[in-house]
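Numbering (the numbering used here), first residue to last: 14 to 522.
Glycine included, each C-beta is placed from N, C-alpha and C at the ideal position.
Computed from a prediction, not measured in an experiment: that's the story for all the values here.
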Amino acid sequence: MIPILSNAQIRAAEERTMRTTGVGSMELMERAGRACADRIMRLEAGGAFGGRVRYLILAGQGNNGGDGLVIARHLNEQGWEVRVLIVQHCAVPSDGHRWALEHLRPTGVTIDHIHVVGDMPELKENDTIVDCLLGTGSTRPLAGMLAEVVSIVNASGRPVVAIDLPSGTMEPGTGMAPGPVVRADHTLTFEVPRPALLFPETGAAAGRWELVSIGLSDDALRAAPPFGHLVELLDVRSFLKERPRFAHKGSFGHALVVAGGPNCHGAALLAARGCARSGAGLLTIHGVQDTLQPIRTMLPDAMTSLDRDPVSVSELPDLHKFTAIGFGPGMGQGSGTAKVLRQLLDAWSGALVIDADGLNVLAQDRSLLERLSPQTILTPHPKEMDRLLDAQPPTSYERHMRTREFAVRHGSTVILKGAYTAICTPDGQAYFNPTGNAGMAKGGSGDVLTGLLAGVLAQGYGYLEASQLSIFIHGMAGDLAAQTLGGDAMRASDLVDHLPAVWMKVRGS
C-alpha cells in the first residue's frame, strides 16, 4: 500500500529524512536529478519521444528548477544534446538552484536566461521539453511571464516530461480558480502519489505518471496520516483466500443477484456473468421471466429464482441460504424496486452490494439511508453519488471529500467509481485503485463489478478486502481487454472474458 501525500507532507518527509539520516538537501537533489535523467533516457529508448535528439530543460529558480539542472548535467554526461532555459521569475533563486547551476556550468551545456517572454528561443522539431519550472511549488494560479511561457510550451506540440508535477498544478481543495498548467505527456513524481494526480481537474495535465524513488525513509513517508492509499498488486495478493484441495461448492459461498427489469435485462446478465467469474461456489439470479430467460441460456452455471410479477421485481426469495447479495442493476426506479429494497434492508444484515437503480431509490427515499448496515457497499458513479449527496459539488475533489463524510455518517462503504476509483470506508479512510482505463467507460461495466463484488463477498472476504480485490481485478480485466481489443471497440462483456487471465495473474500462476 503506497501512501498518498500532500505537497506539504512530502516536503516534511524530506526534512525528516535529512534530519534522521544525515542526508543533505543537495544530495537529495542529486538523487532526484539522476533518477529522473535515467528514467527519461529509458523512455527515449522505448520510443516515447519519437526519436527526438535534444532535451530542452525549462527550469525555474526554485528547487524544482535545481532538479532540472541536475537532470541536464546527467543527460549531457550520457552524450545527449541538452539546452537549459532558466526562467527568471523571482528575485532570489533557492540555495539548491544555485548549487545545481554551479555544477552545471563547467559542463559546457548551453544555458539561456529568460527575463521576458520575448527571450524564449524558437522550439525545434526535435526538442523534448523537461518541465522543471515549479513542480509542487504552485501555490496560486500562474500569471504574467510564467503563464505566457506555459502557453508557449502547450502550443508547441513538443513532447513534455514534467518533474514532480506539471508546473501550475494546484493542490486540490485550495478553492482557487485554476490558471495555466503545463500539459505533460509524462510526469515523474517523487516517491509517492500526490492527490492532484487522482482528480480530473488537476490530474489530466499529468499524462502518464509514475513514481521515482529518491531514497526518502519509509518512516518519514509514514510519519503523518496520509490523504489516502494507493492499492498495489502485492496488497490484493496478500489477502487472497486459498482454495483448499478438499473444498466443495459450499465452501465458497452462495451469491444472490437481484437485477433486471423493463427494457434493461442485459444489466442482470452482465452482473450474473461477473459473479460467475468471481470464485463464488453458488450463484442465484432473482428476476422476472424476460430477465432470466437469456441467463438460463447463456449462463447454465447459475440458478434462477422467478419473481411472481411478469414485468419488474416485486419480491425477494428466501434469503437464509445466501452469504452475499448484489442488488440494483437494471431494475428501474419504480415503487416496486423501492418496496423490495426496503424489505431487503429490513431482513438482511449480511454482505450487500447496492448499485444502479438501488442507489437511485436510496436517493429518492433518504430514510432508507438510515437502514444501511456496516456490511453494505454502495457503488455509485459520480452522478449517482451527487444524487445520494443531494448536491452537485463543483469539483471531483469536493465530491470525493463529501463521499468520505457520507461513508462515515452512514457507517457503510462507498466505492466512488472513476479513473481512480476510490473506496471510502466508514472509518474515514480512502483507498484508490490504479488499474483500469477509459475503454471501460461503457454502459454495463459497473454491472460486471456489482456481480464480481457480490461473488467475492460471498466467499467471506471483509468489506475492505473484497472492495480492493474486486476493483483491482475489474480494472485489470479492462486493461487486458484494451491491450487485445483497443479502448474504442472493447465492451463491458469483454471485461468478463478477461477475468480468468486476471485471476491467474493475481494469484501468480
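Selected residue, minimal CA-CA separation from residue i, among the options
| i | options | result |
| --- | --- | --- |
| Ala168 | Pro134, Thr152 and Arg196 | Arg196 |
| Ala281 | Gly157, Ser264 and Phe340 | Phe340 |
| Cys277 | Glu90, Gly345, Ala454 and Gln481 | Gly345 |
| Ile127 | Ala376, Thr497, Gln101 and Ser522 | Gln101 |
| Ser362 | Arg504, Phe335 and Asp370 | Phe335 |
| Gly459 | Arg504, Arg55 and Thr389 | Arg504 |
| Val324 | Leu493, Ala315 and Thr304 | Thr304 |
| Thr463 | Val66, Ala268, Gly150 and Leu41 | Ala268 |
| Asp485 | Ala432, Ser506 and Arg355 | Looking at the sequence itself, residue 485 is Phe, so the reference to Asp does not match. It is Ala432. |
| Gly263 | Arg235, His242 and Gly294 | Gly294 |
| Arg355 | Pro134, Gly371 and Gly157 | Gly371 |
| Val36 | Asp322, Pro185 and Ile227 | Ile227 |
| Glu383 | Leu401, His394 and Pro393 | Leu401 |
| Gly7 | Glu478, Arg520, Ser480 and Lys455 | As shown, the chain starts at 14 and ends at 522. That puts residue 7 outside it, with no answer to give. |
| Glu245 | Thr448, His487, Gly457 and Asn20 | Thr448 |
Residue i classed as buried or exposed, judged by whether at least 16 other C-beta atoms fall within 10 angstroms
| i | result |
| --- | --- |
| Gly121 | exposed |
| Leu69 | buried |
| Arg86 | buried |
| Ala209 | buried |
| Arg309 | exposed |
| Met311 | exposed |
| Met66 | The question names Met, yet the displayed sequence has Val at residue 66. Exposed is the call here. |
| Thr497 | exposed |
| Arg379 | exposed |
Proximal residues to residue i (C-beta, below 7 Å), its chain only, five neighbours per side dropped
| i | result |
| --- | --- |
| Thr200 | Ala175, Leu178, Pro179, Ala219, Gly220 and Trp222 |
| Gly64 | none |
| Ser327 | Asp320, Arg321, Gly349 and Val353 |
| Glu478 | Phe252 |
Close beta carbons around residue i, own chain, < 8 Å, minus the five adjacent residues each side
| i | result |
| --- | --- |
| Gly188 | none |
| Val225 | Ala45, Ala48, Cys49, Arg52, Leu201, Thr202, Phe203 and Glu204 |
| Val421 | Pro439, Asp440 and Gly441 |
| Asp314 | Ala289 and Leu296 |
| Asp108 | Ser38 |
Paired residues, beta bridge with residue i - DSSP
| i | result |
| --- | --- |
| His318 | It is worth fixing the name first, because residue 318 is Ser in this sequence and not His. Looking at the DSSP assignment, Ser318 forms a beta bridge with His299. |
| His242 | Pro16 and Tyr444 |
| Thr438 | Thr438 is not bridged to any residue. |
| Tyr68 | Val95 and Thr141 |
| Gly367 | Residue identity differs from the one stated: residue 367 is Ile in this sequence, not Gly. Beta-bridge pairing links Ile367 to Phe340 and Leu391. |
| Trp112 | According to DSSP, Trp112 bridges with nothing at all. |
| Thr426 | Ile390 |
| Glu223 | Leu201 |
| Ile127 | Val100 |
| Ala175 | Asp144 and Thr200 |
| Ala268 | Leu296 and Ala337 |
Distance, residue j Cα to residue i Cα
| i | j | result |
| --- | --- | --- |
| His333 | Gly347 | 26 Å |
| Asp248 | Pro257 | 21 Å |
| Gly491 | Ile367 | 22 Å |
| Pro172 | Phe62 | 6 Å |
| Val163 | Ser230 | 34 Å |
| Asp403 | Leu429 | 15 Å |
| Met39 | Arg153 | 26 Å |
| Glu57 | Pro275 | 53 Å |
| Ile15 | His511 | 26 Å |
| Ser318 | Tyr444 | 35 Å |
| Met517 | Gly452 | 22 Å |
| Ala360 | Val353 | 10 Å |
| Met398 | Thr416 | 8 Å |
| Gly473 | Leu357 | 20 Å |
| Pro439 | Lys396 | 21 Å |
| Ala467 | Leu385 | 16 Å |
| Val130 | Ala25 | 34 Å |
| Gln306 | Ile298 | 11 Å |
| Arg207 | Val469 | 30 Å |
| Gly424 | Ala351 | 21 Å |
| Phe419 | Val271 | 25 Å |
| Asp507 | Gln405 | 32 Å |
| Cys103 | Gln74 | 7 Å |
| Leu114 | Leu82 | 6 Å |
| Asn391 | Gly475 | Note that residue 391 is Leu in the sequence shown here, rather than Asn. Rounded to whole angstroms, Leu391 to Gly475 spans 15 Å at the Cα level. |
| Phe43 | Ile165 | The residue asked about is misnamed: residue 43 is Glu in this sequence, not Phe. Their Cα atoms are separated by approximately 29 Å. |
| Arg111 | Ser19 | 26 Å |
Residues of its chain near residue i, where Cβ-Cβ distance is below 6 Å and the 5 sequence neighbours each way are ignored
| i | result |
| --- | --- |
| Thr123 | Arg96 |
| Asn89 | Val95, Thr120 and Val122 |
| Arg32 | none |
| Ile338 | Leu269 and Leu365 |
Any chain C beta carbon closer than 8 Å to residue i
| i | result |
| --- | --- |
| Lys352 | No chain C appears in this structure, which consists of one protein chain only. |
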